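Peer 1: Using this note's numbering, you'd call the opening residue of the sequence shown number -17 and step up by one each time.
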Amino acid sequence: MISIDGQNLADVNLDSLRYHIGMVSQQDALLNRSVSDNIGLGQAAISHAEIEHAAKQARAHDFILRLQDSEGRCGYDAHVGERGVKLSGGQRQRVALARVILKNAPIMILDEATSALDSSVEAEIQPALRGVMQGKTVIAIAHRLSTIAELDRIIVMDQGRIIEQGSHGELLDLGGLYATFWARQSGGVIGTDELQTPKGEAS
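(1) Please state whether the Cβ-Cβ distance between residue 8 and residue 95 is less than 9 Å.
(2) Between residue 16 and residue 143, what straight-line distance do the alpha-carbon atoms span, to the nearest angstrom?
(3) Pop quiz: residue 49 and residue 60 are said to be a contact at Cβ under 8 Å. What is the actual Cβ separation, rounded to whole angstroms?
(4) Does the separation of the CB atoms of residue 40 and residue 76 fall below 9 Å?
(5) For the stretch 21 to 36 against the stretch 62 to 71, are there 3 or more C-beta pairs whose distance is under 8 Å?
(6) If we count the other Cβ atoms within 10 Å of its Cβ and call it buried at 16 or more, is residue 129 buried or exposed?
(7) Tell me the rounded alpha-carbon separation between residue -8 and residue -16.
(8) At the level of alpha carbons, what is the spacing between residue 176 and residue 109?
(9) On the DSSP bridge assignment, give the partners of residue 143 in chain order.
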C-alpha cells in the first residue's frame, strides 16, 4: 500500500491528489499563453503581485520584463509560444519553478528541476527553494548533487538498484559512490558546512 499522510492512495480523489502536488520536470512544457498565465496556471484567484513575487524568487522577473512577442505584448503579458518555444531552456525552467513556488503544494516533485540552469543562477534560486521545501514532502531526482544535498534522505541508485542511502553527511562519511560524485562536483553551489535539513527525499 502507498499512503500519503496516512491515507491510502487508492482512496484519494485524483483531483485532490493533483491539487496537493507541485512538480518541476527537466523539460517543462508551457502553454502558448502569457508568462503570467503560465505561472498562475490553475489558480484563478491569484493576483499579479503574487505571480510577480514568485517570479522574483525563481530569478525569472528580470528576463520576463525584457520579453516581447510578435504581437507587441511585453513582460508578463508576452506569449511564450507552443510549449514555451520562444524561451530558452533555463528560462522555461525558471517559469516552471515560479509556478511551483506560487502553488506552494505540500508535496513537491523536482525532476532535474535545475538541470538547464548554470551554477550561478542555481545558487541564486537555492535560498527560495529551501524556503519552499520547509515542512513539505519533497521527492527530488537529480544528477547535480547541489540540488539534493540538503534533503534529509538521499537514495543512490545504480542500474536500478539502491546501493546507498542516508543524509548528505552520512553518505560522505560512507565514502562510496555518492562521495565520489560529490568530490567530482566539488564546485557545487552548496557547501557541506551550510547544509540545513528540510523534510524531503531524493533519488
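Even glycine gets a Cβ: it sits at the ideal position worked out from N, Cα and C.
Predicted, not measured: the structure shown is a model, and the values here were computed from it.
Peer 2: Looking at the coordinates:
(1) yes
(2) Taking the straight line joining both Cα atoms gives about 42 Å.
(3) 4 Å
(4) Taking C-beta atoms as the reference points, residue 40 and residue 76 count as a pair closer than 9 Å.
(5) no
(6) The residue is buried, with at least 16 neighbouring Cβ atoms inside 10 Å.
(7) In a straight line, the C-alpha of residue -8 is about 8 Å away from that of residue -16.
(8) Confidence in residue 176 is poor, its pLDDT being 42 and thus under 50, which makes the residue's placement unreliable; the coordinate value appears in the next sentence. Cα to Cα, residue 176 sits roughly 11 Å from residue 109.
(9) 140
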